[in-house]
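Asker: As numbered in the working numbering, residues 1 to 389 make up the sequence shown, in order. Dropping a structure here in C-alpha cells format, bear with me for questions.
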Amino acid sequence: MPVGTVAAPGVDSFISLTSRRDEWPRRVAMVNHARRFLYLSTYFYHPDRYGREMAAALIAAAARGVAVYLVVDGFGQRLAGALMSRAERVAARRLWPALAAAGVQVCCYRPRPLFQQLLGGGYHIKVQVSEEGEAIFASGNISATSFDGWNEVAVAVRGALVRELLASVMVAIDQPERSHLDDLPGGAGDGATRTTHYLAHLPCADPSPMSPFRQRQANPVTDALVALIDRAEARLMITSFYFKPVEVLLAAVERAARRGVRVEIIHSHRDALPASAAPWLAATFTYPRLLNAGVAIHERHGGEHSKILVADQREAAVGSYNLEWAAHDRLAESMLFTRDPALVAELDARVTAIRAHPAVERVTATGLAALPLSLKARRALLYPLRRWF
Numbered sequence: 001m002p003v004g005t006v007a008a009p010g011v012d013s014f015i016s017l018t019s020r021r022d023e024w025p026r027r028v029a030m031v032n033h034a035r036r037f038l039y040l041s042t043y044f045y046h047p048d049r050y051g052r053e054m055a056a057a058l059i060a061a062a063a064r065g066v067a068v069y070l071v072v073d074g075f076g077q078r079l080a081g082a083l084m085s086r087a088e089r090v091a092a093r094r095l096w097p098a099l100a101a102a103g104v105q106v107c108c109y110r111p112r113p114l115f116q117q118l119l120g121g122g123y124h125i126k127v128q129v130s131e132e133g134e135a136i137f138a139s140g141n142i143s144a145t146s147f148d149g150w151n152e153v154a155v156a157v158r159g160a161l162v163r164e165l166l167a168s169v170m171v172a173i174d175q176p177e178r179s180h181l182d183d184l185p186g187g188a189g190d191g192a193t194r195t196t197h198y199l200a201h202l203p204c205a206d207p208s209p210m211s212p213f214r215q216r217q218a219n220p221v222t223d224a225l226v227a228l229i230d231r232a233e234a235r236l237m238i239t240s241f242y243f244k245p246v247e248v249l250l251a252a253v254e255r256a257a258r259r260g261v262r263v264e265i266i267h268s269h270r271d272a273l274p275a276s277a278a279p280w281l282a283a284t285f286t287y288p289r290l291l292n293a294g295v296a297i298h299e300r301h302g303g304e305h306s307k308i309l310v311a312d313q314r315e316a317a318v319g320s321y322n323l324e325w326a327a328h329d330r331l332a333e334s335m336l337f338t339r340d341p342a343l344v345a346e347l348d349a350r351v352t353a354i355r356a357h358p359a360v361e362r363v364t365a366t367g368l369a370a371l372p373l374s375l376k377a378r379r380a381l382l383y384p385l386r387r388w389f
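Given below as C-alpha cells:
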C-alpha cells in the first residue's frame with residue numbers, strides 16, 4: 001500500500017508508490033480512464049506480460065479517440081534487447097507498427113548529433129500523465145525487469161508541477177500538442193515553489209558539435225544535485241542503479257564524507273545485469289576513493305534502480321537521474337527536488353527501507369581483492385572506457 005498522501009505548495013498530492021503492485025494498476029487505470037490525451041515515456045519497452053497489457057490499454061484508448069503518445073528511447077530499446085528472449089525481440093519489432101496502425105503516436109527518440117547517437121545519447125525520463133491531472137514519475141520502465149526484478153521508485157503527483165512533468169515529455173516529440181499543457185487542472189501556473197521544484201535537462205541536444213566530449217551548456221540537474229550534497233551536514237543517503245558519477249558529483253560526495261557527513265550509497269550488485277558486468281565494473285573504480293573517505297557502500301542483489309538522495313532528513317531529490325556519467329552528458333534526465341517536510345519524510349522512509357532490505361550487503365575493502373581473476377582482467381581492460389559504461 002502507499003505510505004500515504006501528502007501535499008506541498010505546487011503539489012496538491014504526492015503519493016509514494018512503495019511497491020510495483022501499487023504502481024502498475026495505477027498506470028493501467030490512468031490509461032483506461034483517459035478521455036482526451038495520454039502521454040507515456042519510457043527508456044525501453046519490453047513486450048512481456050506488462051508490455052502486452054499496456055499495449056492493449058493504449059490501443060483501446062486510441063480507439064475511443066484519446067490522443068495517445070508513447071515515447072521510447074531508440075538506444076535504450078536496443079540495449080534492452082539483451083534482457084529479452086529472441087521471440088520477445090521479434091515481438092518488439094512488430095509492436096511499433098501495430099501500435100501506430102491503431103492510432104498510437106509512437107515517438108522513438110534519437111538525438112541528432114552524431115557522437116551522441118554513437119555514444120548512447122537519448123531520453124531517460126519516465127513520466128505518465130493524462131488530462132485528469134495526475135502524473136506518475138518513476139525510475140522504472142515498461143518491463144518485468146522493473147516490475148518483477150529491480151527495485152524501483154515511483155511517485156504519483158498532482159498539482160501545478162504536473163505541467164512541468166508533461167512539458168519534459170513533449171521535448172522528445174517532434175510535433176507535440178502543446179495545448180494539452182493548458183488543459184491540465186491548474187492551467188498554466190508555475191509549479192516551482194520555495195520548497196519543491198522540478199528540473200529536467202537534455203544534454204544530448206547540446207549545441208556543441210563535440211558533445212558529449214565537450215559541451216557548451218551546464219547541466220542544471222547535476223548542479224542542483226551537487227548543491228544538495230554540499231548542503232548535507234550530518235547524513236546523506238543515495239540510491240542509484242550503479243554509482244559511477246561525473247567527477248563533480250563524485251567529488252561532492254567525497255567532500256561530504258570528509259567533513260564528517262555519514263554518507264551511505266545503495267546501488268546494484270553485479271547480478272542485476274546478467275548480460276554484462278561492465279556497468280558494475282565501471283562503478284567499482286569509485287570504491288577505493290569512496291571507502292578511503294569513509295563512505296558506506298552497499299550493493300543490492302537483484303538490482304537497485306531507484307534514484308533518491310536525502311540529506312539530513314531536511315531535503316531530498318527523486319527521479320530518473322542515475323548517478324553516472326551518462327546522466328550528466330548524454331541522457332535527458334529529470335529530478336523532483338523538495339524541502340517540504342512531509343515529502344522529505346516519505347522519501348527518507350523509502351531509502352531507510354531500501355537500506356534495511358535483506359538483499360542489501362555492505363561493500364568492504366577486501367571485496368575487490370577477492371574477485372575472480374577473470375573479472376579482474378576484464379576490469380583492467382575496462383578502465384580506459386569506464387566513462388562510457
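All C-beta atoms, glycine included, are put in the ideal place defined by N, C-alpha and C. The structure presented is a predicted model; accordingly, all values stated were derived computationally and were not measured.
From residue 59 to residue 53, what does the alpha carbon distance come to, in whole angstroms?
Answerer: In the sequence shown, counting from the first residue as 1, residue 59 sits at position 59. In the sequence shown, counting from the first residue as 1, residue 53 sits at position 53. Whole-angstrom Cα-Cα distance: 10 Å.
Asker: Classify residue 303: buried if its beta carbon has 16 or more other beta carbons within 10 angstroms, exposed otherwise.
Answerer: For the purposes of this step, residue 303 is taken as the residue at position 303 of the sequence shown. Buried: at least 16 other Cβ atoms inside 10 Å.
Asker: Given that a residue counts as buried once 16 or more other Cβ atoms are within 10 Å of its Cβ, and exposed if not, what is residue 258?
Answerer: Your numbering for residue 258 matches position 258 in the sequence shown. It counts as exposed.
Asker: For residue 77 versus residue 212, is the C-beta spacing smaller than 8 Å?
Answerer: Position 77 of the sequence shown holds residue 77. Position 212 of the sequence shown holds residue 212. Cβ distance not < 8 Å, so residue 77 and residue 212 don't count as in contact.
Asker: Just reading off the alpha helix (DSSP H) that residue 337 is part of, what are its end residues?
Answerer: As a first step, residue 337 is located in the sequence shown; it is residue number 337 there, counting from the start. Not the alpha helix (DSSP H): residue 337 falls in the beta strand (DSSP E), residues 331 to 338.
Asker: Going by the DSSP bridge assignment, what does residue 267 pair with across the sheet?
Answerer: As a first step, residue 267 is located in the sequence shown; it is residue number 267 there, counting from the start. DSSP, once it has assigned bridges, lists 299 as partnering residue 267.
Asker: Can you tell me the Cα-Cα spacing of residue 13 and residue 264, whole angstroms?
Answerer: Reading the sequence shown from its first residue, position 13 is the one you call residue 13. Reading the sequence shown from its first residue, position 264 is the one you call residue 264. Whole-angstrom Cα-Cα distance: 29 Å.
Asker: Going by beta carbon distance, what residues of the same chain come within less than 6 Å of residue 188, once the five residues before and after it are set aside?
Answerer: Looking up residue 188 in the sequence shown gives position 188. Model confidence at residue 188 stands at a pLDDT of 44, short of 50, so the residue's coordinates are unreliable; what they give is reported in the following sentence. For residue 188, where only same-chain residues beyond five positions count, the Cβ hits under 6 Å are 182.
Asker: Using DSSP's beta-bridge definition, name the partner residues of residue 128.
Answerer: Locating residue 128 in the sequence shown gives position 128, where the first residue counts as 1. In DSSP, residue 128 forms a bridge with 40 and 136.
Asker: Distance check for residue 86 and residue 351, CA to CA, integer angstroms please.
Answerer: Along the sequence shown, one-based indexing puts residue 351 at 351. Along the sequence shown, one-based indexing puts residue 86 at 86. Straight-line Cα distance between these residues: approximately 36 Å.
Asker: How many Å lie between residue 398 and residue 154 at the Cα?
Answerer: For the chain, the structure presents residues 1 to 389; residue 398 sits outside this window and is missing.
Asker: If you compare alpha carbons, which of 204, 97 and 15 is closest to residue 325?
Answerer: Taking the sequence shown and counting its residues from 1, the one referred to as residue 325 is at position 325. Closest option to residue 325, Cα to Cα, is 204.
Asker: Would you call the region 260 to 278 in contact with the region 225 to 242, where contact means no fewer than 3 C-beta pairs closer than 8 Å?
Answerer: With the cut-off at 8 Å, the region 260 to 278 and the region 225 to 242 touch.
Asker: Quick one: what's got a C-beta closer than 6 Å to residue 373's C-beta in the same chain, skipping five residues either side?
Answerer: On the sequence shown, residue 373 is found 373 positions in, with the first residue counted as 1. Within the same chain, residue 373 has no close Cβ partners at all.
Asker: Measuring CB atoms only, is the region 313 to 333 touching the region 121 to 129, in the sense that at least three cross pairs come out at less than 8 Å?
Answerer: These segments touch.
Asker: When burial is assigned at 16 or more other CB atoms within 10 Å of the CB, is residue 217 buried or exposed?
Answerer: The residue you call residue 217 lines up with position 217 of the sequence shown. Exposed: under 16 other Cβ atoms inside 10 Å.
Asker: What is the DSSP secondary structure of residue 106, counted as helix, strand or coil?
Answerer: In the sequence shown, counting from the first residue as 1, residue 106 sits at position 106. Looking at residue 106 - three-state DSSP - the assignment turns out to be strand.
Asker: Could you spell out the range, first to last residue, of the beta strand (DSSP E) harbouring residue 67?
Answerer: Position 67 of the sequence shown holds residue 67. Residue 67 -> beta strand (DSSP E) spans 67 to 73.
Asker: Which residue's Cα is closest to the Cα of residue 313: 231, 99 and 158?
Answerer: Looking up residue 313 in the sequence shown gives position 313. Looking at the Cα atoms, 231 is the closest of the given residues.
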